[in-house]
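Asks: Numbering (this note's numbering), first residue to last: 123 to 372. We put the CB at the ideal spot given by N, CA and C, even for glycine.
(1) Contact check, residue 350 vs residue 144 under 8 Å by CB: the rounded distance?
(2) What would DSSP say about residue 254, mapped onto helix, strand or coil?
(3) Nearest to residue 261 by alpha carbon, out of 154, 247, 360, 344?
(4) May I ask you to verify whether the stretch 296–305 touches the stretch 251–268, counting CB pairs closer than 8 Å and requiring at least 3?
(5) Output the distance between the C-alpha atoms of residue 301 and residue 256, rounded to the nearest integer angstrom.
(6) Would DSSP call residue 218 helix, strand or coil?
(7) Please classify residue 324 as buried or exposed, where buried requires at least 16 other C-beta atoms within 10 Å of its C-beta.
(8) Since residue 376 is in the alpha helix (DSSP H), which residue starts that stretch and which ends it?
(9) I want to know whether the stretch 235–244 touches the stretch 266–281 - three or more CB-CB distances under 8 Å.
(10) In chain order, what residues of the same chain have a beta carbon less than 8 Å from the beta carbon of residue 229, not counting five sequence neighbours either side?
(11) Give me the Cα-Cα distance between residue 270 and residue 258, rounded to the nearest whole angstrom.
(12) Do you know offhand how far residue 146's Cα is from residue 281's?
(13) Please state whether DSSP places residue 149 in a helix, a strand or coil.
(14) Note down the Cα distance separating residue 303 from residue 346, rounded to an integer number of angstroms.
(15) Can you tell me whether residue 138 is buried or exposed? The criterion is at least 16 other CB atoms within 10 Å of its CB, across all chains shown.
(16) Pairs of beta-carbons, one from the stretch 187–202 and one from the stretch 159–177, closer than 8 Å: are there three or more?
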């Protein structure tokens with residue numbers, strides 16, 4: 123198993139995990155392959171909006187409250203699918219290969235079932251954590267940030283991906299929290315700026331989707347960053363380099 127082969131940690135200092143390096147590498151990967159990563163994120167946005175508008179207009183008003191659960195289920199499935207596709211695309215890019223939409227979507231599709239259940243457990247863990255005075259929820263976010271890349275790249279099962287992510291992130295979670303905070307602030311600033319310029323319409327119209335579409339630019343950055351965090355954690359803890367990626371994961 124890949125997981126067993128990588129279980130012995132390299133003797134290096136986890137303090138070398140750098141916020142600046144993660145942000146720089148994420149920026150380079152994202153904008154070296156903008157069609158792939160921004161395209162996948164826009165595809166996610168479009169599919170979720172189609173589901174959202176379709177359910178609003180096609181499901182009778184009396185059943186709208188119950189349709190919310192179906193919407194959450196479909197949206198999570200789509201997010202995990204595209205998140206997995208982006209994680210694999212980043213892996214390809216870090217190997218020095220050209221990331222492709224078709225190849226990334228194919229790998230995300232093959233792993234969509236475990237990815238979905240990884241997403242369910244992460245959502246439940248975060249929700250429970252925030253119910254327990256917020257801080258446990260933040261810890262959960264940072265602890266499981268690498269679970270999706272692990273699931274896709276190392277092809278581990280649901281619980282193995284979560285345990286693997288927990289082990290990789292140990293000692294680096296404060297910096298991971300800092301990275302998440304930077305992206306969140308950027309996303310909120312962009313969305314609020316667009317909302318100020320284009321206030322929401324009282325009726326559900328396509329114009330109301332524009333702030334969310336713009337917000338998907340930092341969302342694309344976040345999804346790419348999660349995969350980069352995974353690589354950087356493997357680099358500082360296991361001595362993995364870009365040149366050795368193919369041997370380690372394939």
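Replies: Per the coordinate set shown:
(1) 6 Å
(2) coil
(3) 247
(4) yes
(5) 18 Å
(6) coil
(7) The predicted model places residue 324 with a pLDDT of 48, which falls under 50 and marks its position as unreliable, so this point remains unresolved.
(8) The structure shown does not extend to residue 376, since the chain is modelled only from 123 through 372, so no value can be given for it.
(9) yes
(10) 206, 207, 210, 274
(11) 20 Å
(12) 31 Å
(13) helix
(14) 15 Å
(15) exposed
(16) yes
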